[in-house]
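The block underneath contains the structure these notes are about, expressed in structure tokens.
Residue numbers (this note's numbering), protein chains in the order written: chain A, 99 to 269; chain B, 99 to 269.
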């Protein structure tokens with residue numbers, strides 16, 4: 099019997115892909131809600147839970163960047179830059195699609211073995227350094243789920259019919 | 099040189115502990131906000147983002163249960179039952195403390211090797227079965243972060259001064 103083992107790839111890329119795929123479906127429900135009620139969709143895409151919080155557009159952009167940059171940093175490659183100019187549901191969906199294609203291009207061997215790799219990340223207080231697995235579990239995953247959940251919460255707060263299975267997705 | 103390796107314990111227990119510790123600090127800021135503004139704290143603990151969403155109390159209870167039950171299921175042990183009768187900030191903090199003590203009682207050897215263990219979980223549609231690592235990455239972690247982020251978002255929406263570092267915690 100072989101010893102089971104967990105890989106950095108399995109703990110990152112497919113988990114990011116699942117989170118962004120679910121976020122895409124959540125946005126689709128937001129767009130359909132605006133359409134069926136003849137709302138100006140920008141009321142939803144520009145909404146936020148408090149005046150100094152990010153609006154929905156920015157929550158989606160940060161979720162995308164967290165997944166994209168985390169994959170790149172774990173693999174030790176340079177991530178593509180995206181302009182953060184999305185304003186509409188179709189533009190946000192296209193941004194998610196771009197990142198999903200990028201994530202699916204990683205091969206396990208690029209990410210596996212990054213458990214102890216030194217990951218450097220810019221932060222408001224200067225560059226911070228993490229061990230690969232600490233970066234994944236204490237920054238990348240919580241930050242990605244935070245922004246995806248906040249996007250969900252903004253739409254839910256606006257009356258879009260969503261349930262937690264939309265956030266978790268189906269296996 | 100030894101091959102780096104990622105363990106199921108490292109990917110679960112300390113990550114759950116960090117999330118619940120941060121949630122405790124977030125609730126402390128909520129309690130201090132109510133106190134300093136002479137608000138009835140139950141306005142915050144009972145608040146929700148939409149009429150048919152869970153209030154703050156229930157978000158905290160579900161975050162606790164997700165961590166507690168996930169640890170127990172990965173280890174193949176029975177989790178203690180908690181009554182879900184918390185109404186106040188101190189009661190919610192005590193619930194979090196109880197779960198933190200429980201989580202800290204797990205030893206790595208109880209969780210390590212659970213990558214491929216069959217995990218059974220009750221669900222509204224009947225019992226569902228997951229492979230250990232799929233349970234951790236596609237249910238336990240996203241569900242825990244979802245409820246912690248929603249608790250944060252409820253308090254943020256109510257004007258409590260929180261920033262994302264309160265959610266992520268400091269390494």
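The beta-carbon is built from N, C-alpha and C at its ideal position, and this holds for glycine as well. These figures come from a predicted structure and were not determined experimentally.
Counting only beta-carbon atoms, is residue i nearer than 8 angstroms to chain A?
i, result
"residue 243 of chain B", "yes"
"residue 249 of chain B", "no"
"residue 213 of chain B", "yes"
"residue 174 of chain B", "no"
"residue 105 of chain B", "yes"
"residue 266 of chain B", "yes"
"residue 240 of chain B", "yes"
"residue 169 of chain B", "no"
"residue 108 of chain B", "yes"
"residue 207 of chain B", "no"
Where does the unbroken beta strand (DSSP E) through residue i begin, and where does it stop?
i, result
"residue 228 of chain A", "226-229"
"residue 216 of chain A", "216-219"
Check this for me: beta carbons of residue i and residue j, under 8 angstroms apart or not?
i, j, result
"residue 137 of chain A", "residue 144 of chain A", "no"
"residue 253 of chain A", "residue 194 of chain A", "no"
"residue 234 of chain A", "residue 110 of chain A", "yes"
"residue 165 of chain A", "residue 118 of chain A", "yes"
"residue 187 of chain B", "residue 139 of chain B", "yes"
"residue 142 of chain A", "residue 132 of chain A", "yes"
"residue 249 of chain A", "residue 158 of chain A", "yes"
"residue 266 of chain B", "residue 240 of chain A", "yes"
"residue 243 of chain A", "residue 244 of chain B", "yes"
"residue 103 of chain B", "residue 103 of chain A", "yes"
"residue 255 of chain B", "residue 147 of chain A", "yes"
Kindly indicate if chain B contains any beta-carbon less than 8 angstroms away from that of residue i.
i, result
"residue 165 of chain A", "no"
"residue 254 of chain A", "yes"
At what residues does the alpha helix (DSSP H) containing residue i begin and finish?
i, result
"residue 166 of chain B", "154-173"
"residue 200 of chain B", "187-202"
"residue 114 of chain A", "111-134"
"residue 149 of chain B", "It is not in any alpha helix (DSSP H) - residue 149 of chain B carries neither H nor E in the DSSP assignment."
"residue 244 of chain A", "239-255"
"residue 141 of chain B", "139-143"
"residue 104 of chain A", "It is not in any alpha helix (DSSP H) - residue 104 of chain A carries neither H nor E in the DSSP assignment."
"residue 179 of chain A", "Neither: residue 179 of chain A is in no alpha helix (DSSP H) and is coded neither H nor E."
"residue 260 of chain B", "No alpha helix (DSSP H) contains residue 260 of chain B, which DSSP labels as neither H nor E."
Enumerate in chain order the residues of its own chain whose CB-to-CB distance from residue i is below 8 angstroms, with the five nearest sequence positions on each side excluded.
i, result
"residue 211 of chain B", "106"
"residue 150 of chain A", "none"
"residue 236 of chain B", "228"
"residue 201 of chain B", "111, 114, 115, 118, 165, 166, 169"
"residue 214 of chain B", "229, 230, 231"
"residue 264 of chain A", "120, 123, 124, 127, 250"
Suppose the cutoff is 6 angstroms on Cβ atoms and the five residues either side in sequence are ignored; what does the same chain contact list for residue i look like?
i, result
"residue 217 of chain B", "171, 228, 230, 233"
"residue 178 of chain B", "none"
"residue 160 of chain B", "245"
Identify, in the order they occur along the chain, each residue of the same chain with its Cβ nearer than 7 angstroms to the Cβ of residue i, setting aside the five sequence neighbours on each side.
i, result
"residue 99 of chain A", "Caution is warranted here: a pLDDT of 44 is assigned to residue 99 of chain A, below 50, making its placement in the model unreliable, and the coordinate value is therefore given only provisionally. Around residue 99 of chain A: no qualifying Cβ."
"residue 128 of chain B", "142, 187, 253, 258"
"residue 197 of chain B", "118, 162, 165, 166"
message: Can you pull out the residues from the region 112-146 of chain B whose beta carbon lies closer than 9 angstroms to at least one beta carbon of chain A?
response: 112, 113, 116, 117, 120
Interfacial residues, the region 213-235 of chain B to chain A, with Cβ spacing under 9 angstroms: 213, 214, 215, 226, 228, 230, 231, 232, 234, 235
query: When Cβ atoms are compared, which residues of the region 171-203 of chain A fall closer than 9 angstroms to chain B?
result: none
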